[in-house]
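Since the structure comes first, as structure tokens, the remarks are kept for the end.
2 protein chains.
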Amino acid sequence: MLSAIMEDYLKAIYSLQNETDGRVRTSVLAEYIDVEQSTVTSMMKKLSERDFVQYEPYKGVELTDTGVPIALEIIRHHRLLERYLTDHLEYDWAEVHDEADRLEHHISSKFADRIAEQLGQPAVDPHGDPIPTADLDVSGAKDGERLADHQVGDSVQIVRVPDTDPDLLRYLSKHGIHPGTVVDVVEIAPFGMVTLDPDNGDGPVALPEEVARSISTQSLTQSSH
Amino acid sequence: MLSAIMEDYLKAIYSLQNETDGRVRTSVLAEYIDVEQSTVTSMMKKLSERDFVQYEPYKGVELTDTGVPIALEIIRHHRLLERYLTDHLEYDWAEVHDEADRLEHHISSKFADRIAEQLGQPAVDPHGDPIPTADLDVSGAKDGERLADHQVGDSVQIVRVPDTDPDLLRYLSKHGIHPGTVVDVVEIAPFGMVTLDPDNGDGPVALPEEVARSISTQSLTQSSH
DNA sequence: GAAAAGAATTAGACATGGCTAAATTTATAA
DNA sequence: TTATAAATTTAGCCATGTCTAATTCTTTTC
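Top line first, the protein sequences correspond to chains V and H. When you line the first sequence up against the UniProt record's numbering, it's residues 1 to 225, in that order. When you line the second sequence up against the UniProt record's numbering, it's residues 1 to 225, in that order.
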């Protein structure tokens, strides 16, 4: 029906669309998937011919109503697999991404539904990313504030961390930071460094501001902006 | 490293080599994989260039010492997945083959080892086919007598059934025949029909001789030949 | 608002894994 | 043993997904 590569493009467009709100530009997609822009252009032609995307030359691309559920299905597969690998097969959360990225294209919906059942229909994956339901509902996926948005003194709960950088994940894990961890923001240095104090007694953790911007949080005190 | 398609060729050569003992002919491989002979020829050139097979034009092909472990690894993946799908994800044994046939190329060795651990290092898959160990040992894989070799009156235990025909598997399952089932051979009709009486009280089951030849057995009485 | 810079597309090439049709080698039979 | 049949390989084409280089839009900037 659809090649694994085409599925990857649809998944990428979906993610970028949700980040940037609106049409996704060729250059952004090329960077994200790590191919040349010309490769993206020719793929967009194929995908729009088959009505998975609405593509306007020089203007960018967005998913059609046909494309969205396909992207969501792949994302569901990916996140269920990540959950399964950590919970049932004793994988470390830093190593699940690559395995899931391959398998997501090859498991059947039945396989996905069965592991969802085994896991008790989990709502999020090990990095805190919401798992679309079997009927591809993602209404619970509000993506609010970021760690970088807070002030010194705020107490916040970690909600999501990015899943693609194993080194970062190992670092966070070593310092006891996971979705659910409550941390105090103890310092925000002017040169772009945020220091946290997790409530697990492991001592303070410093993060570059760029990383702090990629971590989603939930305020526990009122001073967030 | 090696494409899923190339892996399929190596797996096919391994299986055919074990059935026919010796070089595998182009035509046989083409039939097995379901491509044209010319396609096989060109693939054999590529595989022999990379030293996975020893290929002699017009004479056939066989796996090299480099090719064998790759084939065994894929077979290990396939059979572990089949076992996993039936035992842990409630698949019917008639539907595991296709899912395993896709996934076998995409799971890592780590994934395979983890599910093997979960399953308690099983020796055979749901159809009775032996699962190579993690160090690719298949010494337990003696393939002895077939159901078609027996005489009326023999009592035999089913050891392996072919895994590729879902209809046959559903039929056997419906009549309570699995690896391990003990059956009496009650009739061998001259027009090629074998009738069995399983020890589960479900009444007699008739099988075409061709099917009976594809089922491996273990004698419980002495009259087999 | 014209020129320069930046983005995006087109043109043309390559590798993979298929196919059909033609040529060649091997096997079989008269 | 020679002609015919069968099996196999070669030649040449196609689709997919990628690349580089050249061209054509768009957007800035002066």
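Glycine included, C-beta positions come from ideal geometry on N, C-alpha and C.
First and last residue of the uninterrupted alpha helix (DSSP H) at residue i
i                      : result
residue 226 of chain H : For chain H, the structure presents residues 1 to 225; residue 226 of chain H sits outside this window and is missing.
residue 123 of chain V : Careful: residue 123 of chain V lies outside any alpha helix (DSSP H) and carries neither H nor E.
residue 209 of chain V : 209-213
Span of the beta strand (DSSP E), counted from its first residue to its last, around residue i
i                      : result
residue 197 of chain H : 193-198
residue 63 of chain H  : 60-63
residue 216 of chain V : 216-219
Contact check, residue i vs residue j, beta carbons under 8 angstroms
i                      : j                      : result
residue 104 of chain H : residue 85 of chain H  : no
residue 83 of chain H  : residue 125 of chain H : yes
residue 9 of chain V   : residue 63 of chain V  : no
residue 132 of chain H : residue 76 of chain H  : yes
residue 58 of chain V  : residue 48 of chain V  : no
residue 204 of chain H : residue 195 of chain H : yes
residue 71 of chain H  : residue 11 of chain H  : yes
residue 61 of chain H  : residue 24 of chain H  : yes
residue 168 of chain V : residue 211 of chain V : yes
residue 161 of chain V : residue 183 of chain V : no
residue 127 of chain H : residue 69 of chain H  : no
residue 134 of chain V : residue 116 of chain V : yes
residue 144 of chain H : residue 214 of chain H : no
residue 106 of chain H : residue 102 of chain V : yes
residue 159 of chain V : residue 187 of chain V : no
residue 37 of chain V  : residue 27 of chain V  : yes
residue 147 of chain H : residue 112 of chain H : no
residue 129 of chain H : residue 163 of chain H : yes
residue 136 of chain H : residue 73 of chain H  : yes
residue 39 of chain V  : residue 51 of chain V  : no
residue 175 of chain H : residue 202 of chain H : yes
Under 9 angstroms from the C-beta of residue i: neighbouring residues of chain H
i                      : result
residue 108 of chain V : 98, 99, 102
Going along the chain, which unbroken runs of the beta strand (DSSP E) with 3 or more residues stay wholly within the stretch 142-205 of chain H?
Listed in chain order, the beta strand (DSSP E) elements of length 3 or more contained wholly in the stretch 142-205 of chain H are 155-160, 182-189, 193-198.
Name, going along the chain, the residues of the stretch 70-92 of chain V whose beta-carbon falls closer than 7 angstroms to a beta-carbon of chain H.
89, 90
Segments of 4+ residues assigned as alpha helix (DSSP H) that fall wholly inside the stretch 19-100 of chain H:
26-33, 37-49, 67-87
Any residues in the stretch 107-141 of chain V with a beta carbon nearer than 9 angstroms to a beta carbon of chain H? Which ones, in chain order?
Answer in chain order: 107, 108, 110, 111, 114, 115, 117, 118.
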